[in-house]
Amino acid sequence: MNLPAIETVTVALGERSYLVSIGSGLLADHALWRDSLRGKHVLVMSNTTVAPLYLDHVAKGLEGLSWSSLLLEDGEAHKSFANIGVALDALAKLGATRDACIIALGGGVIGDMAGFTAACWMRGIDFIQMPTTLLAMVDSSVGGKTGVNLPAGKNLVGAFHQPRAVFADIDTLITLPDREYRAGLAEVVKGAAIGDEPFFHWLEHNADRLAARDSATLLEAIARKVRYKAGVVARDETEQGERALLNLGHTFGHALETAGHYTTLLHGEGVAVGMLLAAQLSERLGMSEPADTTRLQALLHMLGLPTAIPAGMDPHQLLALMRLDKKNTAGSLRLILWHGIGRAEIVSGVDEAAVLATLEAAIAR
Ligand code: NAD
Ligand code: GLY
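Numbering (the numbering used here) for the sequence shown: 352 to 716.
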């Protein structure tokens, strides 16, 4: 079987432009990524799940450099300020100079923390993303949002700091658990649903192959989603406008994640249900057609994603949680809604009664 080729996408940000390379065998292709290292010092940040699987591939490419690895415990709970301190101490121990580089080897948790550490050390050094989850490949490794959680809330502290390069080796997805893989597919669907109708159509036709992790189909899906996101980031790096559309389904999704104490639904699963709720609300408000909602629901279903609010959740509690969202202005719900597939819009002052009715209608029975 022929291996699929490498796809590359440029994130065009002037002097800070960078390439996202997506393909098979990239971690072991040292010649490909070693050129992105400018200095002698490298800190590889990973976790105790990913490192035993893939750190060796990266280590072999670092011969001759002064490098060390920092392996954090696995999980969102460890995306903490305390661990940024640990990472900064590791850089100090390495004697890292301003041309040092951090390599993020892992999912979005590691990528966000490595990026934030890189933004802080000596007021900003390079970092390279080597994402190993589908979610990180199609979303978190691209665009330069970095940060950590506080006890008061998720991602409350952070910085925009773009990576120097992204190398997404799709072979690493072989070991990704099924549920995590499907959660990543939700982020692929999201890009198409927001702003790329032809891509949505393509996903409908390739859903079976994607669900089966066919590598050529996967490569194309990742590249198309990254190309879409790169365009948005290039036009609106710091989310003054258009980039906020990337949060389709997030206000509903975060409320669902919080109501489930972050154990009932993965982030991508919350986004899947949240996108459908946003579509159902848009339809209720007369912004979109029932056929659009049906298509979205069918695609999510084909990809094995949840489409209903988990049984037992309280719609009034969910609405209260949605009122806490960062996008809201005082006393007014601000949501990403849509006019059908590929046409999303930020809407302020959304009618709460319509939101409540949408939530009530979507609870699993
Ligand atoms: P994650 O990093 O926790 O990874 C999910 C699980 O998969 C973890 O247990 C991890 O150890 C494991 N794993 C990773 N790669 C693996 C592999 N190849 N094989 C086997 N197991 C593997 O979660 P995630 O879904 O990748 O990322 C979620 C995080 O990303 C959240 O913290 C979220 O806030 C953040 N995020 C950031 C952005 C952004 O723009 N910066 C966007 C979306 C999400
Ligand atoms: N995940 C949303 C963004 O990068 O803006």
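In this text, a Cβ means the ideal position worked out from N, Cα and C, and glycines have one as well.
All of these numbers come straight from a predicted model, not from anything done at the bench.
Exercise. Between the C-alpha atoms of methionine 473 and glutamate 593, what's the straight-line distance to the nearest angstrom?
Worked result: As a working note, residue 473 is residue 122 in the sequence shown. As a working note, residue 593 is residue 242 in the sequence shown. Cα to Cα, methionine 473 sits roughly 31 Å from glutamate 593.
For this session: Give the DSSP-derived three-state secondary structure of isoleucine 357 in the structure shown.
Result: Counted from its first residue, the sequence shown places residue 357 at position 6. Isoleucine 357 falls in the coil class under three-state DSSP.
Exercise. Methionine 352: buried (16+ other C-beta within 10 angstroms of its C-beta) or exposed?
Worked result: Residue 352 sits at position 1 when you count from the first residue of the sequence shown. In this prediction, methionine 352 has a pLDDT of 47, which is less than 50 and means its spatial position is unreliable; what the coordinates show is noted afterwards. Burial call: exposed.
Exercise. Does the region 511-531 come close enough to the region 659-671 to have 3 or more Cβ pairs within less than 8 Å?
Worked result: no
Exercise. Does the Cβ of glycine 412 lie closer than 7 Å to at least one heavy atom of ligand 1?
Worked result: In the sequence shown, counting from the first residue as 1, residue 412 sits at position 61. Because no heavy atom of ligand 1 lies under 7 Å away, the Cβ of glycine 412 does not count as near it: no.
Problem set entry | Whole beta strand (DSSP E) elements within the region 465-500, 3-residue minimum | 477-482
Exercise. Can you find a heavy atom of ligand 1 that lies under 7 Å from the Cβ of serine 491?
Worked result: The residue given as residue 491 occupies position 140 in the sequence shown. Correct: serine 491 has its Cβ closer than 7 Å to ligand 1.
Exercise. Taking the alpha-carbon positions, what's the leucine 536 to valine 622 distance?
Worked result: As a working mapping, residue 536 is identified with position 185 in the sequence shown. As a working mapping, residue 622 is identified with position 271 in the sequence shown. Cα to Cα, leucine 536 sits roughly 10 Å from valine 622.
For this session: Starting from asparagine 557, trace the alpha helix (DSSP H) both ways and give me its first and last residue.
Result: In the sequence shown, residue 557 corresponds to position 206, counting from 1. Asparagine 557 -> alpha helix (DSSP H) spans 548-562.
Exercise. For lysine 496, is the beta carbon positioned less than 7 Å from some heavy atom of ligand 2?
Worked result: Here residue 496 is taken as the residue at index 145 of the sequence shown, counted from 1. Under cutoff, so the answer is yes.
For this session: Pick helix, strand or coil for alanine 629, following the three-state DSSP scheme.
Result: Here residue 629 refers to the residue found at position 278 of the sequence shown. Correct three-state label for alanine 629: helix.
Problem set entry | Beta-carbon gap between isoleucine 660 and valine 701 smaller than 8 Å | One-based indexing of the sequence shown puts residue 660 at position 309. One-based indexing of the sequence shown puts residue 701 at position 350. No, these two residues do not count as a Cβ contact at 8 Å.
For this session: Consult DSSP for glycine 611 and reduce its assignment to one of helix, strand or coil.
Result: To locate residue 611, count along the sequence shown from 1; it is residue 260. Coil at glycine 611, not helix or strand.
Problem set entry | Residue(s) in a DSSP beta bridge with leucine 422 | Counting from 1 along the sequence shown, the entry for residue 422 is found at position 71. Beta-bridge pairing links leucine 422 to Ser397.
For this session: Below 8 Å on the Cβ atoms is my guess for leucine 456 versus valine 395; work out the distance and round it to an integer in Å.
Result: Taking the sequence shown and counting its residues from 1, one reaches residue 456 at position 105. Taking the sequence shown and counting its residues from 1, one reaches residue 395 at position 44. Between valine 395 and leucine 456 the Cβ distance is about 6 Å, and since that is below 8 Å, they are a contact.
Exercise. Does at least one heavy atom of ligand 1 sit under 7 Å from the Cβ of leucine 486?
Worked result: Within the sequence shown, residue 486 is the residue found at index 135, counting from 1. True, at least one ligand heavy atom lies under 7 Å from that Cβ.
For this session: Say whether the region 422-435 touches the region 446-455, bearing in mind that this needs 3 or more beta-carbon pairs closer than 8 Å, one atom from each stretch.
Result: no
Exercise. According to the Cβ coordinates, are alanine 469 and aspartate 477 closer than 8 Å?
Worked result: On the sequence shown, residue 469 is found 118 positions in, with the first residue counted as 1. On the sequence shown, residue 477 is found 126 positions in, with the first residue counted as 1. Going by C-beta atoms, alanine 469 is nearer than 8 Å to aspartate 477.
Exercise. Are the CB atoms of leucine 650 and alanine 574 nearer to each other than 8 Å?
Worked result: Stepping through the sequence shown from its first residue, residue 650 is reached at position 299. Stepping through the sequence shown from its first residue, residue 574 is reached at position 223. Not closer than 8 Å, so no.
For this session: Note down the Cα distance separating tryptophan 386 from asparagine 434, rounded to an integer number of angstroms.
Result: Here residue 386 corresponds to residue number 35 of the sequence shown, with the count starting at 1. Here residue 434 corresponds to residue number 83 of the sequence shown, with the count starting at 1. The question names tryptophan, but residue 386 in the sequence shown is aspartate. Those two C-alpha atoms are separated by around 28 Å.
Exercise. Who are the near neighbours of alanine 441 in its chain, counting only those whose CB is closer than 8 Å to its CB and skipping five residues on each side?
Worked result: Stepping through the sequence shown from its first residue, residue 441 is reached at position 90. If we look at alanine 441 and ignore the five residues flanking it on each side, its Cβ neighbours are Leu394, Ser419 and Leu421.
Exercise. Just to confirm, are threonine 709 and glutamine 631 a CB contact at a threshold of 8 Å?
Worked result: As a first step, residue 709 is located in the sequence shown; it is residue number 358 there, counting from the start. As a first step, residue 631 is located in the sequence shown; it is residue number 280 there, counting from the start. Yes, these two residues count as a Cβ contact at 8 Å.
For this session: Report the three-state DSSP secondary structure of glycine 374 (helix, strand or coil).
Result: Along the sequence shown, one-based indexing puts residue 374 at 23. Looking at glycine 374 - three-state DSSP - the assignment turns out to be strand.
Problem set entry | Best match in Ala712, Ser633, His612 and Pro403 for proximity to glycine 600 [C-alpha to C-alpha] | In the sequence shown, counting from the first residue as 1, residue 600 sits at position 249. It is Ser633.
Exercise. Going by other Cβ atoms of all chains shown within 10 Å of its Cβ, with 16 needed for buried, is serine 372 buried or exposed?
Worked result: Position 21 of the sequence shown, counted from the start, is the residue given in the question as residue 372. Buried, by the Cβ-count rule.
For this session: Name, in chain order, the residues that DSSP records as bridge partners for serine 431.
Result: Looking up residue 431 in the sequence shown gives position 80. The partner list for serine 431 (beta bridge, DSSP) reads Asn500.
For this session: May I ask you to verify whether the region 544-561 touches the region 672-686, counting CB pairs closer than 8 Å and requiring at least 3?
Result: no
For this session: Determine contact between the region 399-409 and the region 485-492, defined as no fewer than three beta-carbon pairs at a distance below 8 Å.
Result: no
For this session: Express the C-alpha separation of leucine 672 and histidine 392 in angstroms, rounding to a whole number.
Result: Counted from its first residue, the sequence shown places residue 392 at position 41. Counted from its first residue, the sequence shown places residue 672 at position 321. About 44 Å.
Exercise. Can you find a heavy atom of ligand 2 that lies under 7 Å from the Cβ of glutamate 590?
Worked result: Within the sequence shown, residue 590 is the residue found at index 239, counting from 1. True, at least one ligand heavy atom lies under 7 Å from that Cβ.
For this session: Can you give me the start and stop residues for the alpha helix (DSSP H) that glutamate 571 sits inside?
Result: In the sequence shown, residue 571 corresponds to position 220, counting from 1. That run of the alpha helix (DSSP H) goes 566-586.
Exercise. Taking C-alpha atoms, which residue in Gly365, Phe603 and Leu554 lies nearest to leucine 707?
Worked result: As a first step, residue 707 is located in the sequence shown; it is residue number 356 there, counting from the start. The residue with the shortest Cα to Cα distance from leucine 707 is Phe603.
Exercise. Nearest to glycine 509 by CA position, among Gly542, Gly466, Leu485 and Phe551, is which residue?
Worked result: Locating residue 509 in the sequence shown gives position 158, counting from the first residue. Nearest of Gly542, Gly466, Leu485 and Phe551 to glycine 509, Cα basis: Gly466.
Exercise. With respect to 7 Å, is the separation between the Cβ of proline 657 and the closest non-hydrogen atom of ligand 1 below this value?
Worked result: The sequence position of residue 657 within the sequence shown is 306, counting from 1. No, Cβ of proline 657 sits at least 7 Å from all heavy atoms of ligand 1.
Problem set entry | Helix, strand or coil at valine 698 according to DSSP, with G and I counted as helix | Walking along the sequence shown from the start, residue 698 turns up at place 347. Three-state DSSP puts valine 698 in a strand.
For this session: Identify whether leucine 364 lies in helix, strand or coil by the three-state DSSP scheme.
Result: For the purposes of this step, residue 364 is identified with residue 13 of the sequence shown, where counting begins at 1. If DSSP states are grouped into helix, strand and coil, leucine 364 belongs with coil.
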